[in-house]
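Numbering (our numbering), first residue to last: -4 to 410. We put the beta carbon where it would ideally sit given N, CA and C, even for glycine. Remember, predicted model here, so these are calculated numbers, not experimental data.
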Amino acid sequence: MINSLRGFRDILPPESDLFARIEAAAREVFGLYGYRELRVPTLEKKELFVKSTGDTTDIVEKEMYAFTDGGGREIANRPEGTPGVVRAYIEHNLGQTGRNAKFFYIGSMFRAERPQAGRYREFTQIGAEYIGNPSPAADAESISMLVRLLEKAGVEGCSVEINSLGCSECRRSYREILLAFLRQRSETLCEPCRARIERNPLRALDCKTDGPRLAAEAPKLALCPACAEHFSDTQRLLAAAGVGYKVNTSLVRGLDYYTRTVFEVRTTALGSQDAVAAGGRYDDLVKSMGGPAAPAIGWAMGVDRVAMLLAGKPAPDNSPRTFVVAAAKEAGDKAFELMTALRAAGISSDFSNFTLSLKSQMRSADKSGASCALIIGEEEFKTNACSVKHLKEQGEQKTVPLPDAPSYIKKLLEG
Ligand code: HAM
């Protein structure tokens, strides 16, 4: 017996139904906002993540599934979706198409974190990236689209937290102030933080052990006038879009590329893994990866966590609507044709095993959750018909000619 790897899991029904529901809601909402799907590979050059996500981040330093392949290439399973989208944008000149570069993706991400409920080593993200628009309207649109998507998927009780990390100019002066603060406390810092504060002091504020304490005590970043205006305009537009939010000046995010607006959607229903979705602006990333100067904003939502929030809530019934039973050996082929005709007419249909007894097939029909059983017994076989038996509610059993069965069932189910 070979089991699955720790942190890697099978998503079984009914959880897989929830995943499909969330994805369908996302596709619908993305359509309303002009986003199109971009499918990028799950494997990329390791360097892509080192340069974009950042070599001082936990994701790259400790959590990446990176290896050398048979040809000596350093590659990595993507820990997040943004770097691949940015690479594709540059590689295929997606800024030159004349259309808005608004892309969404749905797929697996890989991080070698310590697994626990809501935290896996392979997990699914639905993400959205909008490249090329510097205006606060793009920030407000991106955040409100995320909120609409969560509502559409049926998620309740989430809160939105936002902050601004300023531009590279605001951060240059803040870096020195923060570094001085951290150096004074270097004795109290954890080992990894002590090792990286000189390279990236901001990371200490996001540290899993010391982050919250340090973020509360540390001097706050002062925004330059342009960044302050961008942040207040974003908030005004969010309010106009009817999005409730809270400013959290301690929110720094654990990835290196963010500038200006950052945000997280949290819930109290998931214990310590409380971030359902998160994102922010990354105005310098495309250029720093060798592309044109293209400001951008995006987010990613953890589908596994959203599915946990929806579990146990009433879900649409996806049982087959009909169940076909053949009570005579030679009726099996006709029964098979009947299922084909029902499905072609858009009516879901299932069966068990036409060679089993009528009783056993009817037992399966009852368990299937179908509304009616279509039975082809000896009599029906001779007259090229089927008997329609109601399974969920009282109703008269009726015999219907096989060619008329799909339209009869359609009316019956609609009525
Ligand atoms: P992130 O905050 O690293 O951002 O991940 C986004 C979401 O993915 C989290 O809020 C969480 O719901 C989910 N997630 C992360 N790690 C795990 C895990 N181990 N197990 C289950 N769910 C997880 C990003 O990935 C950025 N690329 C977001 C972004 C897009 N920023 C701009 N554009």
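Identify which residue in 170, 197, 156 and 333 has its Cα closest to the Cα of residue 376. Ranking 170, 197, 156 and 333 by CA distance to the CA of residue 376 puts 333 first.
State yes or no: is the C-beta of residue 277 nearer than 7 angstroms to some heavy atom of ligand 1? Yes, the Cβ of residue 277 comes within 7 angstroms of a heavy atom of ligand 1.
Using CA atoms only, rank isn't needed, just tell me which of 295, 228, 314 and 168 is closest to residue 259. Residue 295 is the option with its Cα nearest to residue 259.
Span of the beta strand (DSSP E) around residue 371: In the DSSP assignment, residue 371 falls within the beta strand (DSSP E) that extends over 367 to 371.
Short Cβ contact (8 angstroms threshold) for residue 351 with residue 303: Going by C-beta atoms, residue 351 is not nearer than 8 angstroms to residue 303.
Reduced DSSP secondary structure (H/G/I, E/B, other) of residue 241: Here DSSP, grouped into helix, strand and coil, assigns residue 241 to strand.
Opening and closing residue of the beta strand (DSSP E) in which residue 125 lies: From DSSP, the beta strand (DSSP E) with residue 125 extends over 117 to 126.
If you run the structure through DSSP and keep just helix, strand and coil, what is residue 380? If DSSP states are grouped into helix, strand and coil, residue 380 belongs with the strands.
Drop a sphere of 10 angstroms on the beta-carbon of residue 220, count the other beta-carbons inside from all chains shown, and report buried for 16 or more, exposed for fewer. It is exposed - the Cβ of residue 220 has fewer than 16 other Cβ atoms within 10 Å.
If you draw a straight line from the C-alpha of residue 213 to the C-alpha of residue 21, how long is it? One alpha carbon belongs to residue 213, the other to residue 21, and they sit about 38 angstroms apart.
Extract the residue ranges of the alpha helix (DSSP H) inside the segment 87 to 175, only unbroken runs of 4 or more that lie entirely within it. Those alpha helix (DSSP H) runs which fall completely within the segment 87 to 175 and span 4+ residues are 131 to 148.
Just to confirm, are residue 84 and residue 54 a CB contact at a threshold of 8 angstroms? No, these two residues do not count as a Cβ contact at 8 angstroms.
Looking at the strands, I want to know which residues DSSP matches up with residue 344. Answer is 317.
Could you give the distance in angstroms between the alpha-carbon of residue 191 and the alpha-carbon of residue 198? Taking the straight line from one Cα to the other gives about 8 angstroms.
Could you tell me the boundaries of the beta strand (DSSP E) in which residue 261 lies? Going by DSSP, residue 261 is part of the beta strand (DSSP E) stretching over 254 to 262.
Throw me the rounded Cβ distance for the residue 119 and residue 299 pair, which I believe falls under 8 angstroms. In this structure residue 119 is in contact with residue 299, their Cβ atoms being roughly 6 angstroms apart against a cut-off of 8 angstroms.
Meets three-Cβ-pair contact criterion under 8 angstroms: the segment 129 to 144 and the segment 104 to 118: In short, these stretches do not touch, since the Cβ pair count stays below three.
Quick one: residues in its chain with C-beta nearer than 8 angstroms to the C-beta of residue 392, no 5 flanking neighbours on either side, listed in chain order? Excluding sequence neighbours, residue 392 sits near 382, 383, 384 and 385.
Please report the distance separating the alpha-carbon of residue 159 from that of residue 233. Roughly 14 angstroms between the two C-alpha positions.
Check whether the Cβ atoms of residue 78 and residue 43 lie closer than 8 angstroms to each other. Cβ atoms of residue 78 and residue 43: closer than 8 angstroms.
For residue 239, count neighbouring Cβ atoms within 10 angstroms of its own Cβ and tell me buried if that reaches 16, exposed if not. Label assigned to residue 239: exposed.
Please list, in chain order, all residues of the same chain as residue 292 whose beta carbon is under 8 angstroms from its beta carbon, the five residues on each side excluded. Counting only Cβ-Cβ distances below 8 angstroms, and skipping sequence neighbours, we find 124, 125, 128, 133, 134, 137, 256, 274, 275, 276 and 277.
Beta-carbon proximity list for residue 178, same chain, < 8 angstroms, skipping 5 on both sides: Hits under 8 angstroms: 192.
Is the number of C-beta pairs between the segment 8 to 26 and the segment 57 to 70 that are closer than 8 angstroms three or more? Here the segment 8 to 26 makes no contact with the segment 57 to 70; the two share fewer than three CB pairs at distances below 8 angstroms.
Along the chain, where does the beta strand (DSSP E) containing residue 71 start, and where does it finish? Its beta strand (DSSP E) spans residues 69 to 72.
Less than 8 angstroms between the C-beta atoms of residue 47 and residue 357, yes or no? Not a contact, by the Cβ cut-off of 8 angstroms.
Three-way DSSP call (helix, strand, coil) for residue 323 in this model: The answer is coil: DSSP assigns residue 323 none of H, G, I, E or B.
Could you check if residue 319 is buried or exposed, using at least 16 other CB atoms within 10 Å of its CB as the buried criterion? With 16 or more other Cβ atoms within 10 Å, it is buried.
Would residue 194 pass as a contact of residue 51 if the rule is Cβ separation under 8 angstroms? Result yes, Cβ atoms of residue 194 and residue 51 sit closer than 8 angstroms.
Between the CA atoms of residue 130 and residue 228 - distance to the nearest angstrom: Roughly 9 angstroms separates the two Cα atoms.
Pull up the distance between the alpha-carbon of residue 327 and that of residue 408, whole angstroms please. Residue 327 and residue 408: Cα-Cα distance of roughly 24 angstroms.
Mind checking residue 0: buried by the 16 CB within 10 Å criterion, or exposed? With fewer than 16 Cβ atoms within 10 Å of its Cβ, residue 0 is classed as exposed.
Run of the alpha helix (DSSP H) containing residue 39, from where it starts to where it stops: In the DSSP assignment, residue 39 falls outside any alpha helix (DSSP H) and within the unbroken beta strand (DSSP E) covering 38 to 40.
What did DSSP end up calling residue 330 once you bin it into helix, strand or coil? DSSP places residue 330 in the helix class (H, G or I) of the three-state scheme.
From residue 365 to residue 400, what distance separates their C-alpha atoms? Rounded to the nearest angstrom, the two C-alpha atoms are 16 angstroms apart.
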